[in-house]
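Let me begin by presenting the structure, written as structure tokens, before commenting on it.
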Amino acid sequence: MDPEAFLEIANQIYRLQMYPFFEMAHCLVMCMYVKEDLAGGAHLFSRKHPLTCWITCMLSIYGGAMLANFLLGEPILSSFKNQNSLLLATAAWYVIFYTPFDIGYLIMIIIGTLKGNGTAFLKVLERLLRGVWTPNAIELVQISFPTKACIAASFIFVLDKKTEIISAPHALVYFGVVIFFVYFKMSSMLLGIHDPFVPFENLFCAIFLGGIWDTLARLLTPASKGDHTSTKSDTAKDGKQNPQRKKIKTFFFFNFDVFKHC
């Protein structure tokens, strides 16, 4: 790769700002750490002692900066001067402890997915380092089966660890996830089944994302003038159309079009 291009990429990464994305990630992780440390009493403690809960989260978030300021002879609380940073930390605290749906679980699933198939998300960068630019390979644009499988596995592990929905032993759950990955990897190599989630995705799209309604609309919409003329010509040529044949054609058109809509 061209050294100048490599240096330019390095400079771009070096100039990345910590605020707000990296700092938000740090605040969320620290608040999740406090919540994990409180264990089963996190819900009750956050309701009865919200100020203490907030202070402990701020100490976790700014602990390193406060110690560094103390050793350097600077004001210990100078980290709290940045209002934007403080508001961001407070927002992270509120999201982790008081949102109706625990967003911490969602973060766990995201982290599990990135750890399980981080290579796919870095594919564009990896190819760029070799001098190849392929924007169509962005994983979020076209999610591959390994990423979907990692999302499913992370979701199962979160349910197993943080809820009572799955009552099976953790070793059995882990073994089941391993068998799932091995089975579909072998199916991909031997049987050519590359994405077993596709039928379920098509069914979901057909039911919830307008597939059925679009198909019904096309069936109920009158044909255009050109189509009508062509139909008349075919009828005059072949005589009366077979109504049973017309039913069969409509049936197959409806079924296949619904599941191929998405």
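When the letters of the sequence shown are read in order and numbered with the UniProt record's numbering, they come out as residues 1 to 262.
In this text, a Cβ means the ideal position worked out from N, Cα and C, and glycines have one as well.
If the criterion is Cβ atoms closer than 8 Å, does the pair residue i and residue j meet it?
{"i": "A92", "j": "M186", "result": "no"}
{"i": "N69", "j": "I76", "result": "yes"}
{"i": "I179", "j": "V173", "result": "no"}
{"i": "S154", "j": "I109", "result": "yes"}
{"i": "F184", "j": "G112", "result": "no"}
{"i": "R127", "j": "T134", "result": "yes"}
{"i": "Y98", "j": "S46", "result": "yes"}
{"i": "F80", "j": "L86", "result": "yes"}
{"i": "I107", "j": "V124", "result": "no"}
The alpha helix (DSSP H) that contains residue i, what's its start and end?
{"i": "P50", "result": "50-71"}
{"i": "W213", "result": "211-220"}
{"i": "W93", "result": "83-98"}
{"i": "A149", "result": "145-162"}
{"i": "A39", "result": "No alpha helix (DSSP H) holds A39; DSSP gives it neither H nor E."}
{"i": "I179", "result": "170-190"}
{"i": "R127", "result": "123-129"}
{"i": "I166", "result": "Per DSSP, I166 belongs to no alpha helix (DSSP H) and is neither H nor E."}
{"i": "F204", "result": "198-208"}
Of all the options the options, which has the alpha carbon lying nearest to the alpha carbon of residue i?
{"i": "N84", "options": "F21, F184, L190", "result": "F21"}
{"i": "K115", "options": "S46, K148, L72, M66", "result": "K148"}
{"i": "C53", "options": "T90, L190, F80, A65", "result": "T90"}
{"i": "L51", "options": "L209, Q142, Y94", "result": "Y94"}
{"i": "Q142", "options": "S78, P196, F121, A10", "result": "F121"}
{"i": "Y19", "options": "L88, T221, F208, I151", "result": "L88"}
{"i": "I9", "options": "G131, E139, M30", "result": "G131"}
With a threshold of 16 other CB atoms inside 10 Å of the CB of residue i, please say whether the residue is buried or exposed.
{"i": "F204", "result": "exposed"}
{"i": "K162", "result": "exposed"}
{"i": "V34", "result": "buried"}
{"i": "N136", "result": "exposed"}
{"i": "S230", "result": "In this predicted model, S230 has a pLDDT of only 49, less than 50, meaning its place in the structure is not dependable enough to derive any value."}
{"i": "L216", "result": "exposed"}
{"i": "P3", "result": "exposed"}
{"i": "D37", "result": "exposed"}
{"i": "M32", "result": "buried"}
{"i": "P199", "result": "exposed"}
{"i": "M66", "result": "buried"}
{"i": "A236", "result": "Any answer about A236 is weak, because its pLDDT of 48 lies below 50 and its placement is not dependable; what the coordinates show is given next. Flag for A236 reads exposed."}
{"i": "A206", "result": "buried"}
{"i": "residue 265", "result": "Since the first residue of the chain shown is 1 and the last is 262, residue 265 is not available in this structure."}
{"i": "N117", "result": "buried"}
contact_flag[the segment 22-40, the segment 50-69] where n(CB pairs < 8 Å) is 3 or more:
yes
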